[in-house]
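The structure appears right after this line, and notes come after that.
There are 2 protein chains.
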Amino acid sequence: MLPVKYELIKQCKQSGARLGIVHTPHGDIHTPVFMPVGTQATVKAMSPAELKDIGAEIILSNTYHLYMRPGEKLVEKAGGLHGFMNWDRPILTDSGGFQVFSLADLRNIKEEGVTFKSHIDGSKHFISPEKAIEIENALGADIIMCFDECLPYPCEYDYAKNSLYRTIRWAERCKESHAKPDTQALFGIIQGGMYRDLREESVREMVKMDFPGYSIGGLSIGEPKDIMYDVLDWTAHLLPENKPRYLMGVGSPDCLIEGAIRGIDMFDCVLPTRIARNGTVFTSKGKVVVRNAEYAEDFSPLDDECDCYACKYFSKAYIRHLFKAKEILGARLTTIHNLRFLINLMADIRQAIMDDRLLDFREEFYRKYGYSDESK
Amino acid sequence: MLPVKYELIKQCKQSGARLGIVHTPHGDIHTPVFMPVGTQATVKAMSPAELKDIGAEIILSNTYHLYMRPGEKLVEKAGGLHGFMNWDRPILTDSGGFQVFSLADLRNIKEEGVTFKSHIDGSKHFISPEKAIEIENALGADIIMCFDECLPYPCEYDYAKNSLYRTIRWAERCKESHAKPDTQALFGIIQGGMYRDLREESVREMVKMDFPGYSIGGLSIGEPKDIMYDVLDWTAHLLPENKPRYLMGVGSPDCLIEGAIRGIDMFDCVLPTRIARNGTVFTSKGKVVVRNAEYAEDFSPLDDECDCYACKYFSKAYIRHLFKAKEILGARLTTIHNLRFLINLMADIRQAIMDDRLLDFREEFYRKYGYSDESK
Chain A
1 MLPVKYELIK
11 QCKQSGARLG
21 IVHTPHGDIH
31 TPVFMPVGTQ
41 ATVKAMSPAE
51 LKDIGAEIIL
61 SNTYHLYMRP
71 GEKLVEKAGG
81 LHGFMNWDRP
91 ILTDSGGFQV
101 FSLADLRNIK
111 EEGVTFKSHI
121 DGSKHFISPE
131 KAIEIENALG
141 ADIIMCFDEC
151 LPYPCEYDYA
161 KNSLYRTIRW
171 AERCKESHAK
181 PDTQALFGII
191 QGGMYRDLRE
201 ESVREMVKMD
211 FPGYSIGGLS
221 IGEPKDIMYD
231 VLDWTAHLLP
241 ENKPRYLMGV
251 GSPDCLIEGA
261 IRGIDMFDCV
271 LPTRIARNGT
281 VFTSKGKVVV
291 RNAEYAEDFS
301 PLDDECDCYA
311 CKYFSKAYIR
321 HLFKAKEILG
331 ARLTTIHNLR
341 FLINLMADIR
351 QAIMDDRLLD
361 FREEFYRKYG
371 YSDESK
Chain B
1001 MLPVKYELIK
1011 QCKQSGARLG
1021 IVHTPHGDIH
1031 TPVFMPVGTQ
1041 ATVKAMSPAE
1051 LKDIGAEIIL
1061 SNTYHLYMRP
1071 GEKLVEKAGG
1081 LHGFMNWDRP
1091 ILTDSGGFQV
1101 FSLADLRNIK
1111 EEGVTFKSHI
1121 DGSKHFISPE
1131 KAIEIENALG
1141 ADIIMCFDEC
1151 LPYPCEYDYA
1161 KNSLYRTIRW
1171 AERCKESHAK
1181 PDTQALFGII
1191 QGGMYRDLRE
1201 ESVREMVKMD
1211 FPGYSIGGLS
1221 IGEPKDIMYD
1231 VLDWTAHLLP
1241 ENKPRYLMGV
1251 GSPDCLIEGA
1261 IRGIDMFDCV
1271 LPTRIARNGT
1281 VFTSKGKVVV
1291 RNAEYAEDFS
1301 PLDDECDCYA
1311 CKYFSKAYIR
1321 HLFKAKEILG
1331 ARLTTIHNLR
1341 FLINLMADIR
1351 QAIMDDRLLD
1361 FREEFYRKYG
1371 YSDESK
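Protein sequences, first through last, are from chains A and B.
Take the numbering used here: the last position of the first sequence gets the number 376, and nothing is skipped along the way.
Take the numbering used here: the last position of the second sequence gets the number 1376, and nothing is skipped along the way.
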C-alpha cells in the first residue's frame, strides 16, 4: 500500500499541464502546488495557523538543518515533525544533499557517503544514503527524498556522468534502507547536470526503481532559465503519468507557470519568504520594494488585488515604517503576502488548466506583471 | 462632553481595590487593566488580530518614537494611530517626556521646553508642552499624557521640588494647548520624586486642574519596590474617585497586584514583551527561561494552566529550538504567552475584587508563583 498516490484530474488541452491531487497520510494536495519552506521546522515569520489561513496544503522542511539542530532524535520524540511543529497537514523533507553540497565546509565525497563540517559549529559529520533515510524516517514527513549529489553549474560532462551514476547507486541504497515505506513516500531525484543524455539516462534508471514520485533536481542553481526549461522539456514527459513530479528549489512566478506548462506538479523555494523579509513583495503588477522611499506616504495596500491579511488591513506606508523601524510585524506581513500571492497564483494556474487556457493565462499574467528580461 | 469617563463598579471590601470601566471613544476598558506597549505603532512581534485574540482592550504607543519615525504628520494622514496600525480599540500615548529624559542625548531643560538629540540620527529637536500635545493631537489616541520631567532615582529634594513645579506649569500649558478635548482625554501626571510632601503637593495641584484622569509617574525607575508602594499609598487615595488612575511603566505580576490593592486602575510596561523576546516567560509557577538547556526535551507547554495559542499547541522543547535557531516564531509565541498571562492575571484580579478577596488572592498567587526576594 503506497502512502502517496497521484490522481490525474485532467490535462490542459492548450498546454499539456496537469491538474491533479496528491493523496497523502496527512491529507490531499491540489496540484500544481507551491510548498512554503520551513527550513528549521518553522516557515520563517509564520505560525502554522497563518499557513492554514493562507491555504498552504503542504510545507517542506530541511533534513540537514534539523539533523544539526535540534537533532532528528528529539524531533522523533516529539512525535515527528508534525507533532514537533504542530502542523497536521502534509510535510515533505529533502535529503540534506543540497545543503551538504552548498552550505557545509570541507566536504569529501566517496562512494560510501559524504564527510563535511557543520555550518553552525564546525563539527565533523558523515552522511550516507542510509543515514539520510534514517534521519528522514525519524522526522516522519509524508514525502521524503533520496540522498543525491547536487552538481554545481557549470559542470564538466565527465564529472556530471560519474556523479549521476553514483546518485543512482545511492538511490538504490536509499530505497533499500527505507524503514517506513508504508507511511512515507520516498521520491527519486532526476540529476544529470544540463546534459540531455544524462538527464534521460537518469529518468530511465530512476523509473526502473519504481519510486512513488520523482523530483527534478539540480536546477535553479545559476543557469539561464532557458536551460532550466530545456531540462524540463527533456525529462518531464518521460516520467510516469501516474506519479507526482516535483521541481526542486523553484518558486518565482514565471518559473511556476513555465514549470506547470511543462508538466510539473510540485514546487518549493525559499525565495518568496526570503525576499519578503528584505521588504520585497510580488504583486499583480510586478515586484514592489516596499522599503523604498516612494512608498513613505502610499496608503494603498501592497497589492490591491490580494485578499491576504496584510493587504486587507495595512498600507504600504505602514509596512515600510515597520521595516524602517526594524519591527517583526513588517517581515510577518510581507511573508504572509508573498506566500498568499503564490498560493493564489497556483489556484489561478489550476483554474486555467481546468479551462484549457494555461498558455493564454501565461500571456495575460506576463503582460500584467510586466515581465522584463531582468525578471525572466 | 468628556471623551473618557470612569465608572466605578465596586471596591474590594478586603483590599480597597477598584473594579471599574473606562469608557472611551473606541470602546470600554475593564479595569484594573494591563496595557501592552506598542512603542513604534506595533506591539513588538504581535499583530493587531493576535492582540484582540488574547483580549487586549487598550494598547499604549510612544509619542517620542513616532515623532522621530515615521513622524506624527504621516500618522495623521493615515487616519491617526488607529488607522495607521489598524487598531480600532482604545489607544493611549505617553507625552515623550520619559524617552526624552532616558533615551535622547544632550538634553537641555528650560522653562520653555527641552532640547535634545535624536537617538536615531543625532539630529537636534525641541519639545515643549505645546509641541508634545500637538504631536499627541496628530497621533489621535483616546488618552494622551501631559509633558512632564521624569526625575532620576535617587534625586535631591530641591531639584525634585523645582522640577515638580515646572511639571505643574507644563501641565497647565498642555491643558491650555490641547486642541481636541472632546475626543482625546488629557491625563495629568503626578510627580515629586520619592518625597511625600512633593507627591501630595503634586496631587493637589493636578486635581485643581480637573483632568479627566491621572497617572502616577516617575516610579519603577530603579527604586526599591517598597518605596514605590509607599508613593502609591501616599497618593492614590487623594485622587478623585470618579477618575481613572494610571501607574506608568509598571508591569511585573507582583506590582500589578500590589498596584491594584492600592487603588490603581491602569498599568503599562515593556517588561513582558521584552523578556519574552529574550526567551523568558511568566508562568503560574514562576518565571521560566525557556532557552535553558533543561527544557531541551521538555514536551510540556510553557504553562499548563494557560489557554494561549503558544501553550495550546507548542512545547517548551519546540519553543527552545526556535530560540536557538533564531526563528521569529519563538519571540512571537513567548510574547503571546506573556501578554495573555498578564491579561488573565488582570481578569483574576478583577474577579477577586468582585469577590472581596484580593488580599487572599495575593497570598495564593505569591505562594504558587514562588515569589522570592529576587523577584520582589
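Ideal Cβ positions, reconstructed from N, Cα and C, are used throughout, including at glycine.
Please report the residue range of the alpha helix (DSSP H) in which residue i lies.
i       : result
M85/A   : G80 to M85
N1344/B : I1328 to M1354
K1324/B : K1316 to K1324
K1175/B : Y1157 to S1177
S202/A  : R196 to K208
K1312/B : Y1309 to Y1313
A132/A  : P129 to L139
D360/A  : L358 to Y369
Using the beta-carbon of each residue, which ones in chain A are nearer than 9 Å to residue i?
i       : result
L1302/B : Residues of chain A passing the Cβ test: none, with the nearest at roughly 14 Å.
L1074/B : A296, E297, A317 and H321
Could you spell out where the beta strand (DSSP E) holding residue i opens and where it closes?
i       : result
R245/A  : R245 to L247
E7/A    : K5 to Q11
A236/A  : Segment: none, A236/A is in no beta strand (DSSP E) and carries neither H nor E.
Y153/A  : Segment: none, Y153/A is in no beta strand (DSSP E) and carries neither H nor E.
A185/A  : A185 to I190
L1019/B : R1018 to T1024
T1031/B : G1027 to T1031
K287/A  : Note, K287/A: premise wrong, no beta strand (DSSP E); not H, not E.
S1215/B : Y1214 to I1216
T39/A   : No beta strand (DSSP E) contains T39/A, which DSSP labels as neither H nor E.
F116/A  : V114 to K117
M1145/B : I1143 to M1145
Listing by chain order, which chain B residues have their CB less than 8 Å from the CB of residue i?
i      : result
R274/A : Going along chain B, no residue has its Cβ under 8 Å from R274/A, so there is no contact; the nearest lies around 13 Å.
R69/A  : H1321, K1324 and A1325
Strictly below 9 Å CB to CB, what residues from chain B border residue i?
i     : result
K77/A : E1297, F1299 and A1317
Strictly below 7 Å CB to CB, what residues from chain B border residue i?
i     : result
N86/A : Y1313 and F1314
Between residue i and residue j, how many whole angstroms is the CB-CB distance? I'm expecting something under 8 Å.
i       : j       : result
S1061/B : I1091/B : 6 Å
K1161/B : L1198/B : 6 Å
L1164/B : G1140/B : That belief does not hold up - the Cβ atoms of L1164/B and G1140/B are roughly 30 Å apart, past 8 Å.
M1035/B : I1058/B : 5 Å
A132/A  : F116/A  : So it is not a contact: roughly 12 Å between Cβ atoms.
R1018/B : G1263/B : 6 Å
C269/A  : V4/A    : That belief does not hold up - the Cβ atoms of C269/A and V4/A are roughly 21 Å apart, past 8 Å.
E136/A  : T63/A   : 6 Å
S1015/B : L1358/B : 4 Å
F379/A  : C150/A  : Residue 379/A is absent from the structure shown; chain A starts at 1 and stops at 376.
I1144/B : Q1099/B : I1144/B to Q1099/B, Cβ: 15 Å. No contact.
Exercise. In chain order, which alpha helix (DSSP H) runs of at least 4 residues are fully inside the stretch 43-112 of chain A?
Worked result: 48-53, 63-68, 72-77, 80-85 and 97-102
Exercise. Of the residues that make up the stretch 25-46 of chain A, which ones have a beta carbon closer than 9 Å to any beta carbon in chain B?
Worked result: T39, Q40, A41, T42, V43, K44, A45 and M46
Exercise. What residues in the stretch 311-337 of chain A have a beta carbon less than 7 Å from any beta carbon of chain B?
Worked result: Y313, F314, S315, A317, Y318, H321, L322, K324, A325, E327, I328, L329, A331 and R332
Exercise. What residues from the stretch 1253-1282 of chain B come within 7 Å of chain A, judged by C-beta to C-beta, listed N to C?
Worked result: none
Exercise. Whole beta strand (DSSP E) runs in the stretch 246-270 of chain A with 3 or more residues, listed along the chain?
Worked result: 266-268
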